[in-house]
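Engineer:
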Amino acid sequence: MYLDRRHVGRSRGMSLKQTKRKCAIGRLRGLHVNNPFPAGGEASENSMQGVARNFFTLAIVYAIAGMALGLHMSISQDHSQTPVHAHTMVAGWLMSAVFAFFYHLFPLARERVLAKVHFWLTAVSGIGLLVGLFFLLGGNAAVEPVVAISSMGFYAAMFLFVFIALPVVWKS
Ligand code: HEM
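At position 1 of the sequence shown the residue is numbered 22 (this note's numbering), and the sequence of numbers has no breaks.
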């Protein structure tokens, strides 16, 4: 729990227990007294909003699917889908989680329409890339254009993120 005199109104002489109680009462009243982003609006340490929540949900889906594929490879002793597993875990689970926490930390960035475009381009191209790669490695050469177009979409989404994120983190 984030406890700081600035955010929870901890008075001098107040014990940590008393401060926590004050904090809990404030939360019950909907005051978000321990909001780590007091200037950012509705964000609180306990909830993710908008694009941040979408990215985190996508990350979880990738983690479950990628680990299931990893287990399947281990059990069957057929490692031919290793690139799909590795990309699902790293380009899927890890990258989406990084995007989720970025948009959680910078609430104003996720309000932009560009952030929504970034989410949908990343999600659609990423899923196209992984599903396409799965079938390609399974011997279906006809899906190669899907993999190629999705790869470019995924790369373009990263450029979009650069455009969204760098001005935010360099803002003085
Ligand atoms: C249930 C959990 C997991 C299982 C059963 C699993 C299983 C596997 C298997 C069988 C391979 C192929 C190894 C080979 O052929 O040399 C592999 C490779 C890989 N895994 Fe996982 N994995 C799991 C979780 C993860 C996680 C959490 C990540 C990353 C966040 C990850 C990232 C990778 C990467 C990057 C490779 C490629 C390594 C290489 O080719 O050198 N895996 N995994």
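Quick reminder that beta carbons are idealized off the backbone N, C-alpha and C, glycines included.
It should be emphasised that the depicted structure is a prediction, and the values quoted were computed from it without experimental measurement.
Label Y83 either buried or exposed according to how many other C-beta atoms from any shown protein chain fall within 10 Å of its C-beta, with 16 as the threshold for buried.
Structural biologist: If you number the sequence shown from 1, residue 83 lands on position 62. Burial call: buried.
Engineer: Kindly indicate which residue of V105, F140 and Q98 has the alpha-carbon position closest to the one of S117.
Structural biologist: Counting from 1 along the sequence shown, the entry for residue 117 is found at position 96. The shortest C-alpha separation from S117 is found at F140.
Engineer: Go ahead and pull the three-state DSSP assignment for R133.
Structural biologist: Walking along the sequence shown from the start, residue 133 turns up at place 112. Here R133 sits in coil by DSSP.
Engineer: When DSSP labels each residue in this structure, what does G174 get in the three-state scheme?
Structural biologist: Along the sequence shown, one-based indexing puts residue 174 at 153. The answer is helix: DSSP assigns G174 an H, G or I state.
Engineer: Would you say A136 and V183 are within 7 Å of each other, going by their C-beta atoms?
Structural biologist: As a first step, residue 136 must be located in the sequence shown, where it is residue number 115. As a first step, residue 183 must be located in the sequence shown, where it is residue number 162. No.
Engineer: For ligand 1, is there any heavy atom lying closer than 6 Å to the beta carbon of M116?
Structural biologist: The residue given as residue 116 occupies position 95 in the sequence shown. Checking every heavy atom of ligand 1 against the Cβ of M116, none is found closer than 6 Å.
Engineer: For ligand 1, I want to know if L92 counts as a neighbour, meaning its beta carbon is within less than 6 Å of at least one of the ligand's heavy atoms.
Structural biologist: Here the question's residue 92 lines up with position 71 in the sequence shown. For ligand 1, at least one heavy atom lies less than 6 Å from the Cβ of L92.
Engineer: Which value, in whole angstroms, describes the spacing of the CA atoms of H106 and M69?
Structural biologist: Within the sequence shown, numbered from 1, the residue matching residue 106 stands at position 85. Within the sequence shown, numbered from 1, the residue matching residue 69 stands at position 48. Taking the straight line joining both Cα atoms gives about 27 Å.
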